[in-house]
Structure formats: structure tokens, C-alpha cells
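A.B. asks:
There are 4 protein chains.
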Amino acid sequence: MRYSREELIRFRHCDPAGIVFYPRYLEIVNDTVEDWFEHMGFAFKTMQQRFGAGVPTVNLNIRFASPCRQGDRLQLSLVCNRIGDSSIVLSIRSAQADNPVFEAEVVLCFTSIGERVEKLSIPAEIRHQIQQYLDETIAATA
Amino acid sequence: MRYSREELIRFRHCDPAGIVFYPRYLEIVNDTVEDWFEHMGFAFKTMQQRFGAGVPTVNLNIRFASPCRQGDRLQLSLVCNRIGDSSIVLSIRSAQADNPVFEAEVVLCFTSIGERVEKLSIPAEIRHQIQQYLDETIAATA
Amino acid sequence: MRYSREELIRFRHCDPAGIVFYPRYLEIVNDTVEDWFEHMGFAFKTMQQRFGAGVPTVNLNIRFASPCRQGDRLQLSLVCNRIGDSSIVLSIRSAQADNPVFEAEVVLCFTSIGERVEKLSIPAEIRHQIQQYLDETIAATA
Amino acid sequence: MRYSREELIRFRHCDPAGIVFYPRYLEIVNDTVEDWFEHMGFAFKTMQQRFGAGVPTVNLNIRFASPCRQGDRLQLSLVCNRIGDSSIVLSIRSAQADNPVFEAEVVLCFTSIGERVEKLSIPAEIRHQIQQYLDETIAATA
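Residue numbers (numbering that gives the first Met the number 0), protein chains in the order written: chain P, 0 to 141; chain A, 0 to 141; chain Z, 0 to 141; chain R, 0 to 141.
(1) Is it buried or exposed, residue 141 (chain P), if we count other Cβ atoms within 10 angstroms and call 16 or more buried?
(2) Anything in chain R within Cβ reach of residue 142 (chain A), meaning under 7 Å, just list it in chain order.
(3) Determine the DSSP secondary structure at residue 73 (chain R), reduced to helix, strand or coil.
(4) Is DSSP giving residue 87 (chain P) helix, strand or coil here?
(5) Out of R:38, R:56, R:66 and R:49, point me to the one whose CA is closest to residue 18 (chain R)'s CA.
(6) Name the residues in the stretch 15-27 of chain P whose C-beta lies less than 9 Å from a C-beta of chain R; which are they?
(7) Helix, strand or coil: which one does DSSP assign to residue 141 (chain P)?
(8) DSSP three-state call for residue 102 (chain R): helix, strand or coil?
(9) How would you write the range of the alpha helix (DSSP H) that residue 50 (chain Z) sits in, first residue to last?
(10) Using the beta-carbon count (16 or more within 10 Å), is residue 15 (chain A) buried or exposed?
(11) If I follow the unbroken alpha helix (DSSP H) through residue 36 (chain P), where does it start and stop?
(12) By a C-beta neighbour count over all protein chains shown, 10 Å radius and 16 as the cutoff for buried, is residue 11 (chain R) buried or exposed?
(13) Please state the DSSP three-state secondary structure of residue 109 (chain P).
(14) Could you name the residues of the stretch 56-90 of chain A whose beta carbon sits closer than 7 Å to any beta carbon of chain Z, in the order they occur along the chain?
(15) Can at least three beta-carbon pairs, one atom from the stretch 115-128 of chain A and one from the stretch 88-107 of chain A, be found at a separation below 8 Å?
(16) Spell out the partners DSSP gives residue 6 (chain R) in its beta bridges.
(17) Note the first and the last residue of the continuous beta strand (DSSP E) segment covering residue 62 (chain P).
(18) Does the separation of the CB atoms of residue 13 (chain R) and residue 95 (chain R) fall below 8 Å?
(19) Counting C-beta neighbours from all protein chains within 10 Å, is the total for residue 3 (chain P) 16 or more, i.e. buried, or is it exposed?
(20) Does the count of Cβ pairs from the stretch 36-51 of chain A and the stretch 24-39 of chain P closer than 8 Å reach three?
(21) Applying the 10 Å Cβ sphere with the 16-neighbour rule, what's the burial state of residue 84 (chain P)?
(22) Indicate the three-state DSSP secondary structure (helix, strand or coil) for residue 121 (chain A) in the structure shown.
(23) Please name the residue in P:0, P:9, P:6 and P:133 whose C-alpha comes closest to that of residue 80 (chain P).
(24) Quick one: residues in its chain with C-beta nearer than 6 Å to the C-beta of residue 61 (chain P), no 5 flanking neighbours on either side, listed in chain order?
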């Protein structure tokens, strides 16, 4: 299963060259992860209150293929590549009018929040939801 | 040779967990690249006016080691790992009080600006400056 | 007539106190103006291409009434208070679950874009659209 | 007494028109207030830990006089116009090469932090420091 959403490219995303300033793409990546968790029933607020946990990004690999401009509609698509004891590897792709815009691999880590930041095991009910987004080709051969 | 600078972590960098929101680190990475080019005598404005060119980021790989909070002073250090015909691979490391914060590998591509975005060869005078920042261990064995 | 839209408050909007960092509200105000112009048939891109013009904000007065947090849904409502030869005075109000969040008065100025930034008269077709959003109580007594 | 600082206008501040996107000026205003409090010995972190308090912005009035571009050096100057039991009215002016860029009046309110946000009286030691920045012409006639 894939999680998909769309993002309208706005004036505030764009730089003096008229194209999206790349840190803004990372805000869009973060929004996508946030919406996906909420869609699965685990809003960031819920994870914080019920599990005392958050999912900070610990590793990010992103390749930018073509630029976007104000008014473009970015199609985003998320699958899970791998799920470990406390980490989750996501693949997030985006395209605009069938042109790939960026491909990102994002590693999140389930951690405690507060003064001490420590790895936690992903709770079973969250793991169960995430597994539905495991990339099918990978899942088939695992 | 290394290019170094410091960044004060501010309220605006931090998220509800009280730590730097990671897209803000990419703004800091971008500022570091911007300052480095200016330090070499090629401010972004100069590159635009003299060469009709910019250096968009085409690939980014970043690993976050430990969180930063408001008031921390982030030490940044940049070297060049590789320089191709139009691309530049930079390694940017950051630490706070001797703790590594992030390690980034950033690939920039020298490109024309305007409606058409095309690769350009890096002009000799810019290449000459950049070569002084080639990582010494790599440079020694090349 | 009013122009209305909704904005979901996200993690990226919020500060270490867990509430929206106020410059983010101004990004939301800007998005609202951008959407309103697009809704009227004059996307920023269109204004730039057809009229060589933009609508920079020249004055802003904003009062913050109550804080918002991640997951809140902000209701935004825009009317035009006044339209001059080149300036437009907008009133933008926002509420969350019937609590007022902010009230802004924004003055935009229709200006040329490029190296020289000069006031322009608002073209008749844009003026015609904007007049439909003139605040009724003001319009009635004008 | 005035509090002054300088801000370098960067690529990330600028929009597709090549000028500073105005919500970025509000980030600069916030940084200025943050630095001023730290300069007086009351960093935001200190106020939070010692007084359980913060100084959210409750009202903002800003007039933009002329645009700034990448590479400009913005001179900022802050005085206090008025200090009440829990509120502080600041005047922040900025100029670039003797051209006024913006004039802001910012009202801060000393408040408790946490789930309940309530007004607090400004502690005597903070009030004492702030009074040194009271605008002299106003102070002289008060």
C-alpha cells in the first residue's frame, strides 16, 4: 500500500531563481510523514501523549531531479522500505506532471521525548499499521 | 584547507520538542555554502551576474547524530571531497561542544539560471579556488 | 462577500512552547492572499506575466488573541476594507473552534517587478474582482 | 540607550522577486528581541527556567519602506517605548545603507508557559534592565 498526498507549490517555497528552495522540500517531506502517521491513527500529538514518544529523522538521503515553480502541484507517494526494532526506513517520491521531482529515503527513529532522547521499541499497534505500507517487492522477497 | 563558521541556535530553529527542526539544519547548510562561496570571492550574486549561473543542490545525504537546543553554538566545517566538470561534492560536519551534531554530503551542480536549467562547466577561476578546499587525505592519494 | 479557507496547524509551525511561532502566521496570511488572488483568476504568476506586477505587503497590523497548537484547524476569512488607486487594504481574521486567533490588517500595493519597484494603478479587471470583497458595512456607507 | 545589531540578508530570506519575503523580516525581528534579552542577561532559556515565563508577541505593527536583496546588511535598532505591568512596547527600526527598510512596533507580554498561558507581572530585575532602553524623548516627558 502507498500513502499519497498532493502539495501546492507556493510563493513562500520559492527562491530568487523562481524554484523551490530545497530546505522547503524537507518541510514538505516532514508534513508528509506527519500526515501519514495521522492517517494511520497516530498523530504526533497522540504518540507524544500515549507513548511519550516522537519519531525524529536520523538519516536523510535526497536526490533532486527537476525543479518546481509556484503553482505546480507536487504528487507525493510514500512506502516503507524496512521496519526495525526502533527505526523505520521510508521512501518518499514526488513528481509534477509525470516528471520526477525528488526521491528521498528517510530514516526515522522511535524515541522518548524530553530531556533524555533514547531509542524505544516501536509499539505493536503502530508496527502493525506501518507494515501495511511495506514496499511490496521488498515484502514479497523478505 | 577547511572553511569554518559558527551558527547560534535560535528560538526560530526549534520545534515543540525543544530541539532543532531538521529542515532548519538544511537552511544552515545552505548558509554555510553561501558564505563559503562569498569567502572565495564568488558571492551568489556575483556568480549570477558574471556567469549567469547558480549552484543548486542536486543530492544531499545527512546523518543526524545528536540534537541541538536554543543557545547552543554549532561549529561548522566544510571541505570539498571531489570536483567534477560541473559538480562539486562537499562534506559539511557540525559539532556542539565536541559532540557531533550532523554530517552532510552535499552535491552541487554548476548550472545556468533562468527558464532553462542546464549544466555548465565550472569556470577555471572558481575551480582554482575550490581546489584549495579539497580534502587533504583524498587529495594526497588522487 | 468573504473569501474563506482553512489551514491545518502543523509541527513545522510550532515553537518550543508548543504554540505557533508568529512569523509562521504571516506565512499563512501570505498563503491566504495568494489563494484569494488565484480564486479571483489572478494567480501571482498571471499578474507577473500579464501585468509585470506583484502585490508586495507594505503595511501590516496584527493582533494575536489566543495561541494555536499542532492539529488545530485554523479558519481564515478575508474581506477588503478599502481599495485605492494602487493599494488594497485587507482584513484577515482567523479563529479556531470559535476562539479568535488573530486579526490582521494588511496593506498591499500593486507595483512593477524587476530592478525598479514602482506603484502601478490597479488594472480595471482586477479592481472589478476585488470590489466584490469590499466589506459590506463599509461599502454601504461609502 | 539603543540596542543595535546587524543582519546579513541571505538567499533563504529572498523570494522569486529577489527581495526579502516579509515573514522573514518577522523572523529577524524575533531574533533581535531574543538577542536583546540575552544581552540584558535574560536569555529566553533563563526566563523559562528561572521565571517559568516567556514573552510572546501579542501585537505587531510593521511598515515596509524599501526592499532588501541578498548580500545587503540590515542595521537594526531597538528602543522601548513603554513598559506596563506585564507588557512591553518596543520600536524596532531597520535601515540598509541609510535607506529605511522597515519600522515595527512590537508588543510583548510577559506570560507563564505551559498548558495555561497567563499574564505575569514583569519581575523587578528584568524591568530594571528594560528601563535603560526606554526611548529618551518619551522618558524625558513622562
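The beta carbon of each residue, even a glycine, is placed where N, CA and C say it ideally should be.
C.D. replies: Let me lay it out:
(1) Unreliable placement is indicated for residue 141 (chain P), whose pLDDT of 47 sits below 50; the coordinate value is still reported in the next sentence. With fewer than 16 Cβ atoms within 10 Å of its Cβ, residue 141 (chain P) is classed as exposed.
(2) The shown model of chain A, from 0 to 141, leaves out residue 142 (chain A), and the question about it has no answer.
(3) Collapsing the DSSP output to three states places residue 73 (chain R) in a strand.
(4) Under the three-state reduction of DSSP output, residue 87 (chain P) falls in the strand class.
(5) Among R:38, R:56, R:66 and R:49, the Cα nearest to that of residue 18 (chain R) belongs to R:66.
(6) With the criterion set as a beta carbon lying under 9 Å from some beta carbon of chain R, the members of the stretch 15-27 of chain P are 15, 16, 17, 18, 20 and 22, in sequence order.
(7) Since pLDDT at residue 141 (chain P) reaches only 47, below the 50 mark, its modelled position is unreliable, and no value is offered.
(8) Under the three-state reduction of DSSP, residue 102 (chain R) is assigned to strand.
(9) Counting along the chain, the alpha helix (DSSP H) containing residue 50 (chain Z) begins and ends at 43-50.
(10) Answer is buried; the Cβ neighbour count reaches 16.
(11) Where residue 36 (chain P) is concerned, the enclosing alpha helix (DSSP H) starts and stops at 21-38.
(12) When all chains shown are included, residue 11 (chain R) counts as buried.
(13) Coil, per DSSP.
(14) The residues in question are 69.
(15) They do not touch, by the three-pair rule.
(16) Listed as beta-bridge partners of residue 6 (chain R) by DSSP are R:73.
(17) Per DSSP, residue 62 (chain P) belongs to the beta strand (DSSP E) from 56-63.
(18) Against a cut-off of 8 Å, the Cβ pair of residue 95 (chain R) and residue 13 (chain R) comes out as no contact.
(19) By the beta-carbon neighbour count (other beta carbons within 10 angstroms, threshold 16), residue 3 (chain P) is exposed.
(20) Verdict: no, contact absent.
(21) In this structure residue 84 (chain P) is exposed. Its beta-carbon is surrounded by fewer than 16 other beta-carbon atoms within 10 angstroms.
(22) Coil at residue 121 (chain A), not helix or strand.
(23) Looking at the Cα atoms, P:133 is the closest of the given residues.
(24) Taking C-beta separations shorter than 6 Å and ignoring five residues to either side along the sequence, the partners of residue 61 (chain P) in its chain run 101 and 103, following chain order.
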